[in-house]
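Student: Please read through the structure below; I'll follow up with questions.
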Amino acid sequence: MRGPKDFRLSDGTVIDHLPVGTAARALEVLNLPRGGPVTVGMNVPSTTFGRKDIIRVEGVELSKSELDRLALLGQRVTVSLVRDGDVAHKVVLETPLEVEGILRCPNPTCITNQEEVVTVFHRIGDFPYRFRCHHCERTRSIHEETEEALPTRR
Amino acid sequence: MDVTEAHRAFRGRSVISAEDFHKEDLLAVLDAARRFDPEGGSHQYEPLLQGRILATLFHEPSTRTRLSFEAAMLRLGGQVLGFAEPHQTSFSKGESLADAIRVVASYCDVIVLRHPMEGAARLASESSEVPVLNGGDGSNQHPTQTLLDLYTIRKSTGRLDGLKVAFMGDLRYGRTVHSLANALLNFDVQLSFVGPESLRLPDVLRQRVEAAGRLGSEVSSVEELDEDIDVLYATRIQKERFPDPLDYERVRSAYRLTRASLDRFGDDLKILHPLPRVDEVAMDVDLHPGAVYFEQARNGVTVRMALLHLILGEGADA
């Protein structure tokens with residue numbers, strides 16, 4: 000059986016330590032594939048977490064805004080930028096305490112769904128996190144709006 | 000917190016959610032309200048807010064909240080402007096709430112907003128140069144109701160610690176229940192809940208009460224409640240919560256308080272209700288010595304006077 004270390008790239012991005020079951024959500028959030036090859040490992044063994052999901056994307060570098068979205072999916076998602084077969088840069092994403100302008104409130108009678116407002120959500124509790132809307136105070140999980148893929152507000 | 004500290008803490012502050020209040024904040028408002036209680040000291044209303052203007056912007060019908068805010072401001076010597084329904088205003092032309100609030104803020108010193116959308120008051124406070132007081136935002140928050148409920152409980156029982164409080168009615172959607180239960184968790188209380196299966200407490204709140212070690216009983220009829228409760232907070236069950244009118248009729252009769260149904264609790268029991276009542280509290284309960292719901296409504300003016308004075312008053316400059 001091929002292990003995660005066999006997922007080698009020449010240029011692109013490796014998204015590692017995704018919680019098991021979140022790879023599909025990550026693909027959705029990042030709008031992948033975008034043309035180049037994407038390799039997805041689900042429920043693969045991990046020395047740190049026991050099991051994890053992992054995604055290898057050929058020819059794509061993630062933007063700051065895409066990293067911000069990925070940070071909501073897990074506790075310590077790791078993103079490595081690969082150039083010429085070597086890791087050029089590696090970052091461990093921390094889920095922010097306050098999430099601005101990324102999530103949409105699923106409450107249809109929340110004022111943020113009527114007015115032009117930059118949404119703010121507060122992270123609550125331990126992982127798996129829930130997020131409380133700063134305006135209407137309703138809480139949501141990160142998996143509540145699969146069809147919308149964590150859109151940026153207008 | 001002494002009076003000067005309280006004024007400093009509240010000066011220019013918006014009041015959006017009961018969740019924003021720590022125990023010291025709650026007690027500061029309740030203590031400040033004693034000065035304005037008609038049953039307290041002197042009954043001379045001082046013109047403490049003379050020259051100040053309160054704008055009441057009510058996008059939904061309200062009797063008690065709007066009139067008691069206006070009465071509070073007038074009794075403090077201030078003035079009031081605003082509207083009781085939005086159809087004659089620029090809101091009906093599609094103006095955004097943020098824009099309208101920005102403009103109204105330049106006409107007044109403080110705004111009270113009631114709005115059907117949850118989060119409207121928070122958004123308004125972010126757009127306003129003057130404090131915004133939430134007079135109810137959809138099913139979310141109504142913080143001044145919570146303050147007057149706490150004031151009524153403390154005034155009628157003499158304390159907030161050591162009480163057994165039971166909530167009855169719409170536990171699922173009733174914002175007054177949620178806010179007051181959360182606020183009471185700041186004190187050493189035991190909370191019980193009486194309601195139909197379909198209107199049970201939301202999981203998040205139930206877990207919070209249980210985690211705090213404050214959960215008493217959860218029952219489906221008043222007859223099952225322990226006799227030693229100190230406060231019974233009744234709320235209205237709304238017909239629109241039930242898809243089947245027959246279900247509503249069954250529930251309605253099961254959650255109706257009568258004088259006879261309260262006999263076994265004794266005369267020390269205090270009965271509160273945010274009003275308006277429809278038929279969940281029978282008229283004969285009005286004669287119960289612990290029926291304090293009309294006093295509760297009256298306390299709305301007292302507590303709102305205290306809040307307005309803390310936010311805008313001279314003491315705020317100390």
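Protein chains in written order, with numbering that gives the first Met the number 0: chain P, 0 to 153; chain H, 0 to 317. We put the beta carbon where it would ideally sit given N, CA and C, even for glycine.
Measure from the C-beta of H/Ser16 to each C-beta in chain P and report whether the shortest distance is under 8 Å.
Tutor: yes
Student: How is H/Phe20 classed by DSSP in three states: helix, strand or coil?
Tutor: coil
Student: Any contact between the stretch 82-89 of chain H and the stretch 137-147 of chain H? By contact I mean 3 or more CB pairs, one from each, below 8 Å.
Tutor: no
Student: Once DSSP output is grouped into helix, strand and coil, what is the label at P/Pro18?
Tutor: Secondary structure of P/Pro18 (DSSP, three-state): coil.
Student: Are the beta-carbon atoms belonging to H/Ser67 and H/Val300 less than 8 Å from one another?
Tutor: yes
Student: What residues of chain A sit near P/Ile101, judged by a beta carbon separation below 9 Å?
Tutor: Absent here is chain A; the protein component of the structure consists of chains P and H.
Student: I'd like to confirm the pairing. Which residues does DSSP put opposite H/Gln140 in its beta bridges?
Tutor: H/Asp136
Student: Please identify the residue among P/Asp52, P/Ser64 and P/Lys89 whose C-alpha is closest to the C-alpha of P/Gly73.
Tutor: With distances taken between Cα atoms, P/Gly73 lies closest to P/Asp52.
Student: Using the beta-carbon count (16 or more within 10 Å), is H/Met282 buried or exposed?
Tutor: H/Met282 is exposed by the Cβ-count criterion.
Student: On the DSSP letters alone, give me the boundaries of the beta strand (DSSP E) that H/Tyr232 sits inside.
Tutor: Val230 to Ala233
Student: Looking at H/Ala32: is its Cβ nearer than 8 Å to the Cβ of H/Ala5?
Tutor: no
Student: Given that H/Leu122 touches chain P, what residues does it touch there, using C-beta distances under 7 Å?
Tutor: Ile110, Glu114, Val116 and His134
Student: Thinking C-beta only, is H/Val302 closer than 8 Å to H/Lys269?
Tutor: no
Student: Quick one: list the residues of chain H neighbouring P/Thr138, beta-carbon separation under 8 Å, in chain order.
Tutor: Val203
Student: Under 8 Å between beta-carbons, which chain H residues line up against P/Asn42? List them in chain order, please.
Tutor: Those within 8 Å of P/Asn42 in chain H number zero; the least Cβ separation is about 29 Å.
Student: What residue range is occupied by the uninterrupted beta strand (DSSP E) comprising H/Lys92?
Tutor: Neither: H/Lys92 is in no beta strand (DSSP E) and is coded neither H nor E.
Student: So H/Asn139 contacts chain P; which residues on that side make the cut at Cβ distance below 7 Å?
Tutor: Cys135 and Glu136
Student: Under 9 Å between beta-carbons, which chain P residues line up against H/Ser95? List them in chain order, please.
Tutor: Gln113, Glu114 and Glu115
Student: Could you give the DSSP three-state label for H/Pro244: helix, strand or coil?
Tutor: helix
Student: With H/Asn181 and H/Glu18 assumed to form a contact (beta carbons below 8 Å), what rounded beta-carbon distance in angstroms separates them?
Tutor: Rounded to whole angstroms, the Cβ separation of H/Asn181 and H/Glu18 is 6 Å, and the two are in contact under 8 Å.
Student: Got a sec? Which residues, its chain only, sit under 8 Å from H/Asp229 by beta carbon, not counting five neighbours each side?
Tutor: Thr156, Leu162, Lys163, Val164, Asp267, Leu268 and Lys269
Student: Report the CB separation of H/Val131 from H/Ile110 in whole angstroms; it is logged as a contact under 8 Å.
Tutor: 5 Å
Student: Identify the contact partners of H/Ala119 in chain P, using a Cβ-Cβ distance below 7 Å as the criterion.
Tutor: Ile110
Student: Is P/Ile141 buried or exposed, if buried means 16 or more other CB atoms sit within 10 Å of its CB?
Tutor: buried
Student: Take the Cβ of H/Lys154 as the centre, count every other Cβ of all protein chains shown within 10 Å, and call the residue buried at 16 or more, exposed below.
Tutor: Around the beta carbon of H/Lys154, 16 or more other beta carbons sit within 10 angstroms, so the residue counts as buried.
Student: Taking Cβ positions, are H/Thr234 and H/Gly173 nearer each other than 8 Å?
Tutor: yes
Student: First and last residue of the beta strand (DSSP E) that includes P/Thr77?
Tutor: Arg75 to Arg82
Student: Go ahead and pull the three-state DSSP assignment for H/Arg121.
Tutor: helix
Student: Using a cut-off of 9 Å between C-beta atoms, extract the partners of P/Asn30 located in chain H.
Tutor: Here the premise fails: no neighbours, minimum Cβ distance about 29 Å.
Student: Using only the alpha-carbon positions, how far apart do H/Leu307 and P/Arg137 sit?
Tutor: 28 Å
Student: Where does P/Asn42 land, buried or exposed, given buried means 16+ other C-beta within 10 angstroms?
Tutor: Counting Cβ neighbours within 10 Å, P/Asn42 comes out exposed, since fewer than 16 surround it.
Student: For P/Asn30, does the three-state DSSP call read helix, strand or coil?
Tutor: P/Asn30: coil per DSSP, three-state reduction.
Student: Assuming contact is defined by CB atoms lying nearer than 8 Å, are P/Val78 and P/Thr12 in contact in what I supplied?
Tutor: yes
Student: State yes or no: is the beta carbon of H/Met72 nearer than 8 Å to at least one beta carbon in chain P?
Tutor: no
Student: Consult DSSP for P/Ser140 and reduce its assignment to one of helix, strand or coil.
Tutor: coil
Student: From this set, H/Ser127, H/Pro142 and H/Glu128, which residue's C-alpha is nearest H/Gly134's C-alpha?
Tutor: H/Pro142
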